[in-house]
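One structure is given here, and the rest of the page talks about it.
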Amino acid sequence: MWVTGEVIERKDWNDKLFSLKIKADVEPYIAGQFIKLSQIRDDKRIARAYSIVNPPGNDFVEVLAVAVEEGQLSPDLQSLNPGDKIEVTAKATGFMTLDEIPHGELQGQHLWLLATGTAVGPFIAMLLTDEPWQRFNKVVLVYGVRLAADLAYLDTIKQLSLKYPEQFIFVPIVTREDFAGALTCRIPEAITSGLLEQKVGIALSEEDSQVMICGNPGMISDAQNALLELGLTKNLRRTPGQITVEKYW
Numbered sequence: 001m002w003v004t005g006e007v008i009e010r011k012d013w014n015d016k017l018f019s020l021k022i023k024a025d026v027e028p029y030i031a032g033q034f035i036k037l038s039q040i041r042d043d044k045r046i047a048r049a050y051s052i053v054n055p056p057g058n059d060f061v062e063v064l065a066v067a068v069e070e071g072q073l074s075p076d077l078q079s080l081n082p083g084d085k086i087e088v089t090a091k092a093t094g095f096m097t098l099d100e101i102p103h104g105e106l107q108g109q110h111l112w113l114l115a116t117g118t119a120v121g122p123f124i125a126m127l128l129t130d131e132p133w134q135r136f137n138k139v140v141l142v143y144g145v146r147l148a149a150d151l152a153y154l155d156t157i158k159q160l161s162l163k164y165p166e167q168f169i170f171v172p173i174v175t176r177e178d179f180a181g182a183l184t185c186r187i188p189e190a191i192t193s194g195l196l197e198q199k200v201g202i203a204l205s206e207e208d209s210q211v212m213i214c215g216n217p218g219m220i221s222d223a224q225n226a227l228l229e230l231g232l233t234k235n236l237r238r239t240p241g242q243i244t245v246e247k248y249w
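Structure follows, in structure tokens:
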């Protein structure tokens, strides 16, 4: 079911990357889930899925998007301003949530969140809830982009570092230019080479790690294979493991 939402804020991170806050009557959701936004054009509904960036408990939803020139919807979304209307699905969905992570002895001590581009959105939502901090001793966010200007929500990430200085570890990866403190290789290569573990200071292991991966299909496939080589296994409801993935397109 679609409901009409109203844009209450737009933030431009660069000339293509932007966030929208949309006030809408959306049903309660779980951090990490996504909604769809749509417009009617030539009597046809054009809809795309976007992860919710803000945690549950607000009267709005926030999404992070990139305007693709040939995209059917994203250029129009980028042109929206406060007061403009947009259709929103009333119910969020998706399984990239902490509910899917094993509890108890199978949980492990460390939560690794691996994201590229706008796929950092669901992880920001999770990190703004209490659950990861209550369940895990260490929480690692690995955020890969091409250029430093593509890093969104750095202020939010900095606030999390200040709030959870003993638990939170942030690893930016910027592949096409230098950025202070960032790695420069792709996430899968950082895993395979051991550079990521060295940077973080803890090991990726079957015993202690839960890894959630969200981003472009190539990164997900390669990162998952690298983790499998380390002895981690896919996390499925019928066979709990350590690797949880969601393809972002």
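First residue of the sequence shown? That's 1 in UniProt numbering, and the numbers climb one at a time after it. Glycine is no exception: its CB is placed at the ideal position from the N, C-alpha and C atoms. Quantities reported herein were computed from a predicted structural model and do not represent experimental measurements.
Whether residue i touches residue j by CB criterion (8 Å)
| i | j | result |
| --- | --- | --- |
| Ile8 | Pro102 | no |
| Gly144 | Val66 | no |
| Val140 | Val200 | yes |
| Ile46 | Gln72 | yes |
| Gly241 | Leu232 | yes |
| Phe60 | Ala24 | yes |
Whole-angstrom C-beta distance between residue j and residue i, which should lie under 8 Å
| i | j | result |
| --- | --- | --- |
| Phe136 | Leu111 | 4 Å |
| Leu244 | Met219 | Correcting the residue identity first, residue 244 is Thr in this sequence and not Leu. At roughly 15 Å, the Cβ-Cβ gap does not stay under 8 Å, so Thr244 and Met219 are not in contact. |
| Ala226 | Ile169 | About 19 Å; that fails the 8 Å criterion. |
| Pro188 | Asp222 | 4 Å |
| Asp208 | Gly108 | 5 Å |
Alpha-carbon to alpha-carbon, residue j and residue i
| i | j | result |
| --- | --- | --- |
| Arg237 | Glu100 | 7 Å |
| Val63 | Val142 | 19 Å |
| residue 291 | Ile22 | Past the edges of the chain, shown from 1 to 249, lies residue 291, and the structure says nothing about it. |
| Trp133 | Pro165 | 11 Å |
| Val202 | Gly215 | Rather than Val, the amino acid found at residue 202 in this sequence is Ile. Going from the Cα of Ile202 to the Cα of Gly215 covers about 23 Å. |
| Leu183 | Glu27 | 39 Å |
| residue 251 | Ala49 | One cannot answer for residue 251 here, as it falls past the ends of the chain, which runs 1 to 249. |
| Ala31 | Met126 | 5 Å |
| residue 264 | Lys158 | For the chain, the structure presents residues 1 to 249; residue 264 sits outside this window and is missing. |
| Glu6 | Met96 | 26 Å |
| Asp12 | Phe18 | 4 Å |
As assigned by DSSP and simplified to three states, the class of residue i
| i | result |
| --- | --- |
| Leu236 | coil |
| Trp133 | helix |
| Phe123 | helix |
| Ala149 | helix |
| Ser205 | coil |
| Gly144 | strand |
| Gln167 | coil |
Boundaries of the beta strand (DSSP E) in which residue i is found, first to last residue
| i | result |
| --- | --- |
| Lys91 | That residue, Lys91, is in no beta strand (DSSP E); it is neither H nor E in DSSP. |
| Gln39 | Phe34 to Arg41 |
| Leu113 | His110 to Thr116 |
Endpoints, alpha helix (DSSP H) assigned at residue i
| i | result |
| --- | --- |
| Ile187 | Ile187 to Ser193 |
| Gly218 | Pro217 to Glu229 |
| Lys21 | It is not in any alpha helix (DSSP H) - Lys21 instead sits in the beta strand (DSSP E) that spans Leu17 to Lys23. |
| Ile157 | Leu154 to Lys163 |
| Leu80 | Note, Leu80: premise wrong, no alpha helix (DSSP H); not H, not E. |
C-beta neighbour in chain E for residue i, strict 8 Å
| i | result |
| --- | --- |
| Ala90 | Of the protein chains in this structure there is only one, and it is not chain E. |
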